[in-house]
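Scroll down for the structure; my scribbles are underneath it.
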Amino acid sequence: MPQTTLIIATRNAHKTKEIRQMAGDSYLVRDANDFHDFPQVEETGTTFLQNATLKAEAISSCVDGFVLSDDSGLEVDALDGAPGVWSSSFGGEEGNHTRNNHRLLDDMRQVPQDRRSARFVCVMVVACKGKARAHFRGSVEGRILLAPSGEEGFGYDPLFAPIGYEVSFAELGAEIKNQLSHRARALSAALEWLNNHAG
Ligand code: IMP
Numbered sequence: 402m403p404q405t406t407l408i409i410a411t412r413n414a415h416k417t418k419e420i421r422q423m424a425g426d427s428y429l430v431r432d433a434n435d436f437h438d439f440p441q442v443e444e445t446g447t448t449f450l451q452n453a454t455l456k457a458e459a460i461s462s463c464v465d466g467f468v469l470s471d472d473s474g475l476e477v478d479a480l481d482g483a484p485g486v487w488s489s490s491f492g493g494e495e496g497n498h499t500r501n502n503h504r505l506l507d508d509m510r511q512v513p514q515d516r517r518s519a520r521f522v523c524v525m526v527v528a529c530k531g532k533a534r535a536h537f538r539g540s541v542e543g544r545i546l547l548a549p550s551g552e553e554g555f556g557y558d559p560l561f562a563p564i565g566y567e568v569s570f571a572e573l574g575a576e577i578k579n580q581l582s583h584r585a586r587a588l589s590a591a592l593e594w595l596n597n598h599a600g
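Quick note: the sequence shown uses my numbering, first residue 402, plus one each step.
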């Protein structure tokens with residue numbers, strides 16, 4: 402079966418793995434780790450859309466075809482939407498998930514069960530030749546658990562239980578997460594757009 406190449410403007414192997422699992426066999430999914438000459442993109446935006454646009458436009462100016470970016474994070478209502486776009490450095494060190502989860506639990510220590518609502522948000526931008534062409538937003542509602550549980554996934558997955566479930570994304574595993582996650586919802590809209598515009 403011929404495969405369509407889909408380049409993801411990320412160096413986060415966890416995001417790429419989930420996108421590869423969800424996109425299925427008709428896509429050859431690659432990311433910035435496969436291309437040594439791709440620039441390191443500074444995420445200077447203050448919204449998911451701004452950062453997703455920066456990444457997609459920068460990477461698509463270095464390669465032919467459509468590029469897809471993913472900017473995502475966790476919004477916690479009791480923390481006024483934090484950590485939001487700063488999710489990956491919330492604990493003080495970029496990409497340190499253990500520290501991020503410690504800080505989140507610390508900040509939530511006094512927050513009772515009925516005020517622990519939160520959502521994961523993902524904004525994806527499709528760009529071509531350095532210009533954004535379309536964007537898609539997905540989110541999943543849930544709540545922050547009192548303690549981490551589960552081994553799968555990445556980031557805040559051990560602390561986030563999606564609505565309708567008592568356990569975390571990390572405990573539910575990839576099959577269920579990939580059916581209802583913020584990333585799954587944004588990706589499904591992005592792939593539909595690409596099916597209609599690529600080729
Ligand atoms: P970005 O690379 O700026 O988009 O930051 C994404 C950060 O948001 C990650 O480093 C995680 O901390 C968090 N995040 C995004 N998506 C997920 C997810 O699916 N599970 C757990 N954490 C996530």
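Glycine included, C-beta positions come from ideal geometry on N, C-alpha and C.
Computed from a predicted model, the values in this text were never measured in an experiment.
Taking 9 Å as the cut-off, the Cβ atoms of Phe561 and Phe570 count as close. Residues Phe555 of the same chain have their beta carbon placed closer than 6 Å to that of His415, with the five preceding and five following residues left out of the count. Across the set His536, Arg421, Ala519, Ala479, the C-alpha of His536 shows the shortest separation from the C-alpha of Asp472. With respect to the 9 Å criterion, Asn596 and Gln422 are not classified as neighbours on the basis of their beta carbons. Ranking Ser582, Ala479, Leu407 by CA distance to the CA of Ser518 puts Ala479 first. In terms of side-chain proximity, the C-beta atom of Glu443 is found no nearer than 8 Å to any non-hydrogen atom of ligand 1. At least 9 Å separates the beta-carbon of Ala599 from that of Thr417. Bounds of the alpha helix (DSSP H) holding Ala424 are 414-424. Residue environment analysis places Arg520 among the buried positions, since at least 16 neighbouring C-beta atoms fall within 10 angstroms of its C-beta.
Proximity of the beta carbon of Asp558 to ligand 1 is indicated: a heavy atom of the ligand is located closer than 8 Å.
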